[in-house]
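Novice: Take this structure first; my questions come after.
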Amino acid sequence: MIEKALLKERFVKWVLIAFALSSLLFLFLIFIFILAEGLPLFLKVGVGNIIGGFKWAPTRGSFGIFPMIVSSFLVTIGALAIGAPMGLSCAIYLSEYSGKKTQMLLKPALELLAGIPSVVYGFLGVIYIVPLVRNYLGGSGFSLLSTSIILGVMILPTIISISFDALISVPKTYREGSFAMGATKWQTIYKVILPSAKSGILASFILGMGRAIGETMAVIMIAGNALKIPGSILDPLRTLTGNIALELSYASGDHRLGLFSTGVVLMVIIMILNYIANFGIKRKIAK
Amino acid sequence: MNTKIAIDRLRLSFGKNQILKNITINVYKNTITGFMGPSGSGKSTIISVINRMIDFEDNVEIHGKVSIDGINILDESCSPVILRRRVGTVFAVPIPLPRSIFENIAYGPRLQGISGRTELHRIVEGSLKKAYLWDEVKDRLSTSALKLSGGQQQRLCLARTLALKPEIILLDEPCSGLDPISTAKIEDALNQLKSEYTIVLVSNNTKQIARITDFAAFFYMGTLIEYNTTDKVFTTPMEKQTEDYIQGKFG
Amino acid sequence: MRRINPRFIDKIVQIVFNMQAFFTVSILIVIVAIIFIKGFPYVNPEFIFASPEDMGRHGGIFPSIAGTIQLALLSILFATPLGVGTAIFLTEYTRESTFTKLIRFGVESLAGIPSILYGLFGFIFFVIKLKMGWSLLAGVLTITIMILPTIIRTSEEAIRSVPRQLRIVSYSLSATKWETIKKVVLPAAAPGILTGIMLSIGRAVGETAAVIFTMGSSLRLPLSIMDSGRTMAVHFYILAREGISMEKAYGTALVLVLSILSINVLAYYVMHRAISKYS
Ligand SMILES: Nc1ncnc2c1ncn2[C@@H]1O[C@H](COP(=O)(O)OP(=O)(O)OP(=O)(O)O)[C@@H](O)[C@H]1O
Ligand SMILES: [Mg+2]
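Residue numbers (the numbering used here), protein chains in the order written: chain A, 28 to 314; chain B, 4 to 254; chain C, 11 to 289.
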């Protein structure tokens, strides 16, 4: 009986190690297979011609995705321009102004926004935001602006949740010290709380950017997917993610490899963003 | 008298701090042996060596021997899991598992492969009776153990340990959080139990040590200062430190 | 120039923050309200239990509901043991070391990968290289990997919050590590783990990009794991994007959003109850 238990003990340990390693294995597989499909084209066509190229005509040998890289960044910055102030002020409201009850109710409710599928955001964008932009500002409505608005709302839960955690973890004594010196609430928030929660807030922005740049389905529904760098916020555009999703189901040969090359570029950007965000969060904890 | 636990030149350190300094002491079979000493003198640490719960601490270094029935339990070949069936422990703070009274006590027996309902029932009843708790809980064995009072919880923990059918019971300040009536009940139980078990009782309450132990050991700063029959320790202590401690002149 | 009274600024700022929060909450309410109001008229028993006809222009969405349930449950079936096992390993079987750091890095990285890259990977690896074709199986395996980090993180948190003393008691009663985990740690951590599982189900149900390129978009009910099928999210996407039927799109959106919201609300409820039980 006891021998059996001890034997089981060792068996379980090995199984658990194998389970734990599976995450690494999956990560490895994802890397390897996307790289294996995506890299050959870089060698064949040239890194510069892909990353720096302006023309995407994959069936005719042009694999330039520069406009898409730019567009991905544009929608991300646009999303941040809308989502960051809204999300941060919401987080400040929750951590500093709302009562405990409101906080307990509102925070999970806002996090529920994250559960709404991106296709639904995209759909609502097409039905409500696109016509609004078209009618009041001009253009087709399928545009950088519409996309930024929808993505801005989509990254709200990330920004609110992580900034809130950063704000709430500022020690109470900081607040009390500031109040004791006669500072008003806003002065305390502005001069004491925000600076000490800075790196956490920054991390929330970067993770929000990560979410925006990786977002796909909503974007292809609203962005218009035009193959050039948008000249204004009312112009349509195509992102890296959109490029993959739009063409993957029918692409073959070099065309398909081109989509994987797009994936490689996306992966590198995401990795850099994650690295920066983790770095920021680690520094916060270290403090 | 037969030696049950023989501790031989036990030295232990946490990192750089030496906590136990060359402790040698024999605990005899079917007696209650009291360990006393000021806070930080290493009583709990000795207990955790005897039941090998020390294994869960980091940075521990142990030298010396601790033998039970002549076999060194610090040996690599001694399985702590098997050891803990023979050495039951009751901690200072009663911690019931978040399940029913019955299941708390059946926890150990079930691990030993006992699953028959009647047999488990017999063990549970027997253990609760020995811990003087049966009458208070016999009608609500299936209610959560967390609903018991502190004193009842501590007796539950004692019963849970008894259900392991151990040879040795270690109690680390089992009454420190209890009222006098609950304390008396535990003491009564221990008095009854010593005919079957070897009991080590750690206590900061010298009166309690005097009341119920057969042997008493006084520790100070990781050293065994004095060890003798309880009578002798309390009537004619050999060391000045022991005397001061017993008279409450310490710290 | 007269200095503005800081108390006055304070009041203004407070009002601004209140309005801002109100505005954000309104967005949430408006989104949910639109889906409910617009979708409600089209959702009826026939819509739920009938098969689509004419590409979804008529009929119901039953196969996509079934496909969604199949995908979510099978993914959970794979991801839960893997994820909970990893969490147990990280919390109970090791000290922090280079090895655990490496595994944590793997988990964090997986969590950061956008779903379209999961789609890309699942497509090339499961669909093409392993020759599964567009199939429920390829979808399930892809989603399993995608939701794994969520399950690991929530389980780890739940396991860590189980009081150490409970473990100590179990060990002192001669339990082995695994017995302690099975009988004490996991039951105590169950609500937290369940929360993670439900959030993951929500994620699987709402996912489109990773599903459409692995499970495909066949309108038929998948009868074996090698069949292609479509989830509600994919069905909704196709209805909306190809403009097949606004009515059906709204109806599908309602069923989709309602499922996810109720799963998530339930998840919070379970977690909340567990937290208030411990404190
Ligand atoms: N895990 C640990 N790591 C480092 N030092 C420890 C650890 N556990 C105990 N110690 C130290 O060992 C010494 C003895 O502790 P121990 O708990 O054995 O004392 P004690 O006699 O039981 O005291 P008390 O009457 O307060 O329970 C103390 O100085 C304590 O700080
Ligand atoms: Mg102690």
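No residue lacks a Cβ here, since even glycine has one placed at the ideal position from N, Cα and C.
Measure the C-alpha to C-alpha separation of LEU123/B and ALA192/B and round it to an integer number of angstroms.
Specialist: Computed Cα separation, rounded: 21 Å.
Novice: Out of curiosity, what's the CA-to-CA distance linking VAL265/C and THR152/C?
Specialist: 24 Å
Novice: Taking Cβ-Cβ distances shorter than 7 Å, what residues in chain A pair up with ALA243/C?
Specialist: PRO144, VAL146
Novice: Under 8 Å, do ILE233/A and ILE303/A count as touching if we go by C-beta distance?
Specialist: yes
Novice: Can a CB atom of chain A be found closer than 8 Å to the CB of GLN80/C?
Specialist: Closer than 8 Å to the CB of GLN80/C there is not a single CB belonging to chain A.
Novice: Along the chain, where does the beta strand (DSSP E) that runs through GLU229/B open and close?
Specialist: 226-232
Novice: What are the start and end residues of each continuous alpha helix (DSSP H) run of 4 or more residues lying completely inside the stretch 46-105 of chain C, in chain order?
Specialist: 55-59, 72-98
Novice: Do the CB positions of LEU164/A and LEU261/A come within less than 8 Å of each other?
Specialist: yes
Novice: At 4 residues or longer, and completely inside the stretch 34-112 of chain B: list those alpha helix (DSSP H) runs for me, N to C.
Specialist: Every alpha helix (DSSP H) stretch that sits fully inside the stretch 34-112 of chain B and reaches 4 residues is listed by chain position as 46-53, 83-89.
Novice: Output the distance between the C-alpha atoms of ILE85/B and GLU167/C, rounded to the nearest integer angstrom.
Specialist: 31 Å
Novice: When burial is assigned at 16 or more other CB atoms within 10 Å of the CB, is GLU189/C buried or exposed?
Specialist: buried
Novice: 8 Å is my cut-off, CB to CB: does LEU183/C come that close to chain B?
Specialist: yes
Novice: Below 7 Å, is the gap between the Cβ of GLU270/B and the nearest heavy atom of ligand 1?
Specialist: There is simply no residue 270/B to check, as chain B begins at 4 and stops at 254 in what is shown.
Novice: Is any beta-carbon of chain B found at less than 8 Å from that of THR186/C?
Specialist: yes
Novice: So the candidates are LEU173/B, LEU167/B, GLY129/B, LYS132/B; which of them puts its Cα closest to the Cα of GLU46/B?
Specialist: The question names Glu, but residue 46/B is Lys in the sequence shown. Closest by alpha carbon: LEU173/B.
Novice: Is there contact between the stretch 156-173 of chain C and the stretch 62-81 of chain B, where contact requires at least three CB pairs shorter than 8 Å?
Specialist: no
Novice: Find out if the Cβ-Cβ distance for the pair VAL244/C, ILE273/C is shorter than 8 Å.
Specialist: No, Cβ-Cβ distance for VAL244/C and ILE273/C is not below 8 Å.
Novice: Under a Cβ-count criterion, where at least 16 other Cβ atoms within 10 Å of its own Cβ denotes burial, should THR238/B be classed as buried or exposed?
Specialist: exposed
Novice: Any chance the CB of SER47/B is under 7 Å from a heavy atom of ligand 2?
Specialist: It does: the Cβ of SER47/B is within 7 Å (strictly closer) of some heavy atom of ligand 2.
Novice: Does the beta carbon of SER44/B fall short of 7 Å from some heavy atom of ligand 1?
Specialist: SER44/B: yes, Cβ under 7 Å from ligand 1.
Novice: Is the beta carbon of LEU144/B sitting closer than 8 Å to the one on ILE104/B?
Specialist: yes
Novice: Distance cutoff 8 Å, beta carbons only. Does LEU204/C sit that close to anything in chain B?
Specialist: no
Novice: Taking the beta carbon of ARG230/C as the centre, do at least 16 other beta carbons fall within 10 Å, making it buried, or is it exposed?
Specialist: exposed
Novice: Is the Cβ-Cβ distance between ALA224/A and LEU183/A less than 8 Å?
Specialist: no
Novice: Between the Cα of ASN20/B and those of ALA109/B, GLY43/B, SER206/B, spot the shortest distance and give me the residue it belongs to.
Specialist: GLY43/B
Novice: Quick check on TRP41/A: buried or exposed, where buried means 16 or more other Cβ atoms within 10 Å of its Cβ?
Specialist: Exposed is the label assigned to TRP41/A, since fewer than 16 other Cβ atoms lie within 10 Å of its Cβ.
Novice: Fully enclosed by the stretch 191-216 of chain A, which alpha helix (DSSP H) runs are 4 residues long or longer?
Specialist: 199-207, 212-215
Novice: What does ILE270/C reach in chain A if we use C-beta pairs closer than 8 Å?
Specialist: GLY142, ILE143, PRO144
Novice: Give the range of the alpha helix (DSSP H) segment to which LYS243/B is assigned.
Specialist: 243-249
Novice: Of all Cβ atoms in chain A, is any one closer than 8 Å to the Cβ of VAL172/C?
Specialist: no
Novice: Distance check for GLU274/A and GLY253/C, CA to CA, integer angstroms please.
Specialist: In a straight line, the C-alpha of GLY253/C is about 19 Å away from that of GLU274/A.
Novice: Below 8 Å on the Cβ atoms is my contact criterion, and I expect ILE161/C with ILE207/C to pass it. Report the Cβ-Cβ distance as a whole number of Å.
Specialist: 6 Å
Novice: Please report whether the beta-carbon of LEU100/B lies at a distance below 8 Å from any beta-carbon of chain C.
Specialist: yes
Novice: I want to verify the contact list: residues of chain A whose CB lies under 7 Å from the CB of SER82/B, in sequence order.
Specialist: Under the 7 Å cutoff, chain A gives LEU33.
Novice: Residues in the same chain with beta-carbon distance under 7 Å from GLY261/C, minus the five sequence neighbours each way, listed in chain order, please.
Specialist: GLY49, TYR52, VAL53, PHE57
Novice: With 8 Å as the threshold, decide whether the Cβ of VAL179/C is near any Cβ in chain B.
Specialist: yes
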